[in-house]
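Numbering (UniProt numbering), first residue to last: 1 to 761. Using N, Cα and C, we set each Cβ at its ideal position, and we do this for glycine too. Input: a single structure, listed below in structure tokens.
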Amino acid sequence: MMRQYELVERVQAYNPNADEQLLNKAYVYAMQKHGSQKRASGDPYFNHPLEVAAILTELKLDDASIAVGLLHDTVEDTDATRAEIDQIFGGEIATIVDGLTKIERLNLVSREEAQAENLRKLLLAISQDVRVLLVKLADRLHNMRTLQFMRADKQQRIAQETMDIYAPLAGRMGMQDMRNELEDLSFRILQPEHYKAITERLDLLQVENREAIDTITRELTDRLALAGITARVKARVKSPYSIFAKIQRKSIALEQLSDMIGFRVIVSSLPECYTTVGLIHTTWKVVPGRFKDYISVPKHNDYRSIHTTIVGPSRQRVELQIRTEEMDRIAEFGIAAHALYKDGSSANLGRIENESQAYGSLRQTISHLTSGISAEDFLEYTKLELFQDQVFCFTPRGRLIALPRGATPIDFAYALHTDIGDTCVGAKINGLILPLVTQLRSGDEVEILRDQNHRPPSNWIGIAATGKARAAIRRAVRQSSMQRAYALGEHVLNMMLEREGVMLDDSESKTLAEELAQPGRRELLVAVGEGKIGSEDLANALAKVKGIRKRRRKLDLPVADTADGWFALRATDQFKFRVPGGQHAGVNAKAALAQLDFHTPVATSGEGVVPGDRLVGILEPNAPLTVYPIHSDALIEKHDVDVAWVDVRWDVAATEDKLYATVISMESVNRPGSLAQISSAIAACDANINNLVMRMISPDFHQMIFEIEVRDLAQLTDVLATLKRSPGLSAVQRAGLREAGMISTLEWDGKVDRSARRDER
1 MMRQYELVER
11 VQAYNPNADE
21 QLLNKAYVYA
31 MQKHGSQKRA
41 SGDPYFNHPL
51 EVAAILTELK
61 LDDASIAVGL
71 LHDTVEDTDA
81 TRAEIDQIFG
91 GEIATIVDGL
101 TKIERLNLVS
111 REEAQAENLR
121 KLLLAISQDV
131 RVLLVKLADR
141 LHNMRTLQFM
151 RADKQQRIAQ
161 ETMDIYAPLA
171 GRMGMQDMRN
181 ELEDLSFRIL
191 QPEHYKAITE
201 RLDLLQVENR
211 EAIDTITREL
221 TDRLALAGIT
231 ARVKARVKSP
241 YSIFAKIQRK
251 SIALEQLSDM
261 IGFRVIVSSL
271 PECYTTVGLI
281 HTTWKVVPGR
291 FKDYISVPKH
301 NDYRSIHTTI
311 VGPSRQRVEL
321 QIRTEEMDRI
331 AEFGIAAHAL
341 YKDGSSANLG
351 RIENESQAYG
361 SLRQTISHLT
371 SGISAEDFLE
381 YTKLELFQDQ
391 VFCFTPRGRL
401 IALPRGATPI
411 DFAYALHTDI
421 GDTCVGAKIN
431 GLILPLVTQL
441 RSGDEVEILR
451 DQNHRPPSNW
461 IGIAATGKAR
471 AAIRRAVRQS
481 SMQRAYALGE
491 HVLNMMLERE
501 GVMLDDSESK
511 TLAEELAQPG
521 RRELLVAVGE
531 GKIGSEDLAN
541 ALAKVKGIRK
551 RRRKLDLPVA
561 DTADGWFALR
571 ATDQFKFRVP
581 GGQHAGVNAK
591 AALAQLDFHT
601 PVATSGEGVV
611 PGDRLVGILE
621 PNAPLTVYPI
631 HSDALIEKHD
641 VDVAWVDVRW
651 DVAATEDKLY
661 ATVISMESVN
671 RPGSLAQISS
681 AIAACDANIN
691 NLVMRMISPD
701 FHQMIFEIEV
711 RDLAQLTDVL
721 ATLKRSPGLS
731 AVQRAGLREA
741 GMISTLEWDG
751 KVDRSARRDE
761 R
């Protein structure tokens, strides 16, 4: 265990004016509070905060940060309180410690929700003081170094959390050395076999290439010295996880990688960086497409360097990074390299934000993430916004837009403004109109094409790569859905009012909403439009509010056998029936049903009804009863024609052990594997696919129509819900007559009737 004086000496080595009294007081206080506590390894618990403080000294942080490293677990794991820390060490240190303390004893329903709320609190604290982040990363690093003493399941969970959140967060702040170590420690737990294979390959590679490494280092140094440039050349081996990620990204074998060892050329000044590039490019052949200038356009985490690849002295590819000493320090230590808080004051926060693009950008992103996003979406959006490598694109006027890798023009549009995203209908990329699913690359010039009447479809959620875009799309889709539901609910209510010949004033509307447990008229109509409140419940509540006598009663009637199943028929006292002259008259239900011959099949609409569907029978003069599902579009045309309406229900007992064909439709993003994804989702619900039709409705999307077999409505609902949760799918619904008709044009040997497809187009 590091002794008290040793810690003080570490700090004084880079900060001779360190507050020795503060450091001693924090050391003694933390040691006393943790007392006899033990870690999973059996070591004294105080070892952990002491090692965290030691990591912070390697980053050369200020006295307050070192003290926080010692104190960071006291409030969470001992009887220490925030007030006590405040009194003994001051408000500044107490605030940072509080930002590092997890939220406890909340009524959280899941581990994910707890994780989201703790991360939200941490990010808010980071936005107020960057030292919260630096101490938290040091804390996580030491925990990962000692993770082998935890249970296997806990190792997996912590390693995954580190890989998902903390390693990328270190990268976002430019702390590449810490990011590499966190990733490699997590990688070793999550993918032990891959980790072993890659590390063994790296060890072998260094042995085999030791002579070549020495030769390249010597030749680079000598050539630059002849040109009057004093350079420090050092070989570096890429981290195991970065190699694994590249293998996954490019779908290549480990043996195919040629750049696992690279070289850094460190020079004295910015002009020498470009002089060095010119000298290297005129001495050795350049590999085309491998030159990147991150000095002219720095990365979002303040990283600056020039990357190039040459065919080196031994006829092998050599990857070079050319930078100054200052750039190299920032590349390794990130925001910690800005010599933060050297005067021991937190008043430098504004200066840090100005100096560090990474921290300023992080604070803006945190502000967006922590305002109005549910815990359910928070983790997803945080990972999307904070933790992806970026590409840099330009507007036609030259404005630079940074986006995560995999971003599309949709993300670009929402990065400009929410209204631009909502009204986006297309994009020109480098002057060419390309699909909205096109992934952007650094250097692309993107022009967004707009239509003020357009609103984003729900399938954009599966295309967007940024949390901001996904949140805006979900909000717009939700608003559009509520508007449609409101209009439908209003139509249903108006039809009822017209049928009864009554009106509702504001007071009665409020009473009607209260009867159905809704806060107001608008919420009531939305619930009706969404199907949460059935028409029968609405009619009953309306009758109660307006004092209308109930006119309907149900009769027990025989069961009619049909080719599709067994329907039980029931009727109301009155049917709406059109008679000559355009007037409506009541027709006795028993008289209407007496026209039916229950020994002959009842006709169906051909829309694939399944047990559990709400059914309506339409009785026309001199015709059999035709049964329609309640959602059938064909019923809209029957409102004002000479027909009687009969309520129909399934005789469920007679439908057991049968499968029923029905048709569903959806829109899918046009990308490889989409059909396999849909088929797997349907199969997962134990449903069977009979046939399908696909047609392109735009360069980005296909419409897919499936005929499937299910047992009942519950299984069909499960299929639809599963598909709706699948990424890249939208407009998932039961198909109408038109789509069902497309399926019926197919030959049952699986071949598509091409003439029908041509007509459809």
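DSSP places residue 293 within a strand segment (E or B) once states are collapsed to three.
Between the beta-carbon of residue 429 and that of residue 446 there is about 6 Å, and that keeps the pair under the 8 Å contact cut. With a threshold of 16 other beta carbon atoms within 10 Å, residue 299 meets it and is buried. Residue 534 has its alpha-carbon roughly 55 Å from the corresponding atom of residue 139.
Going by C-alpha positions, residue 435 is about 52 Å away from residue 93. The alpha-carbon of residue 333 is positioned some 20 Å away from that of residue 293.
Under the three-state reduction of DSSP output, residue 685 falls in the coil class, being neither helix nor strand. Secondary-structure assignment with DSSP links residue 733 through a beta bridge to 665. Within the same chain, Cβ atoms closer than 8 Å to the Cβ of residue 190 are found at 156, 159, 160, 163, the five residues on either side in sequence being excluded. Scanning its chain for C-beta atoms nearer than 6 Å, with the 5 sequence neighbours on each side dropped, one finds around residue 71 the residues 26, 30, 97, in chain order. Around the beta carbon of residue 716, 16 or more other beta carbons lie within 10 angstroms, which makes this residue buried. When the beta-carbon positions are compared, residue 254 and residue 167 stay at least 8 Å from each other.
Under the 10 Å beta carbon count, residue 629 is surrounded by 16 or more other beta carbons and is classified as buried.
Taking the C-beta atoms as reference points, residue 501 is found no nearer than 8 Å to residue 510.
Around residue 209, the same chain offers 261 as residues with beta carbons nearer than 8 Å, after the five sequence neighbours per side are excluded. When the five nearest sequence neighbours on each side are left out, the beta carbons in the same chain lying within less than 7 Å of the beta carbon of residue 178 are those of 137, 141, 170, in order along the chain. C-alpha of residue 313 to C-alpha of residue 216: approximately 7 Å in a straight line. Cβ-Cβ distances below 7 Å link residue 497 to 503, 504 in the same chain, with the five nearest sequence neighbours on each side left out; the list follows chain order.
Bridge pairing for residue 181: absent [DSSP].
Residue 271 is classed as exposed because its beta carbon has fewer than 16 other beta carbons within 10 Å across all chains shown. Check the Cα spacing between residue 297 and each of 41, 306, 726: the tightest is with 306. Nearest to residue 287 by alpha-carbon distance, out of 725, 252, 311, 507, is 311. For the pair of segments examined, the region 125-132 was found not to touch the region 4-16: the number of CB pairs separated by less than 8 Å stays below three. Taking one beta carbon from each stretch, the region 713-733 and the region 689-696 have fewer than 3 pairs nearer than 8 Å; the two do not touch.
For residue 321, the closest of 303, 315, 335, 4 by C-alpha to C-alpha distance is 303. Under the DSSP assignment, residue 423 falls outside any beta strand (DSSP E); it carries neither an H nor an E label.
The residue among 66, 45, 21 with its C-alpha nearest the C-alpha of residue 77 is 45. Each of 165, 725, 413, 241 was checked against the Cα of residue 201, and the nearest Cα belongs to 241. In this model, residue 615 and residue 632 are separated by some 9 Å (Cα to Cα). Secondary structure note for residue 234: its beta strand (DSSP E) is the uninterrupted segment 232-237. The continuous stretches of beta strand (DSSP E) do not include residue 240, which lies in the alpha helix (DSSP H) extending over residues 240-250. DSSP, reduced to helix, strand and coil, places residue 677 within a helical segment of the structure shown.
Looking only at 443, 476, 704, the smallest Cα-Cα distance to residue 391 is reached by 443. When beta bridges are read from the DSSP output, residue 461 appears opposite no residue. In this structure, the straight-line span from the alpha carbon of residue 187 to that of residue 154 is close to 15 Å.
When DSSP assignments are scanned along the region 139-221, the uninterrupted stretches of alpha helix (DSSP H) that are 4 or more residues long and fall wholly within it turn out to be 152-161, 167-172, 176-190, 192-208.
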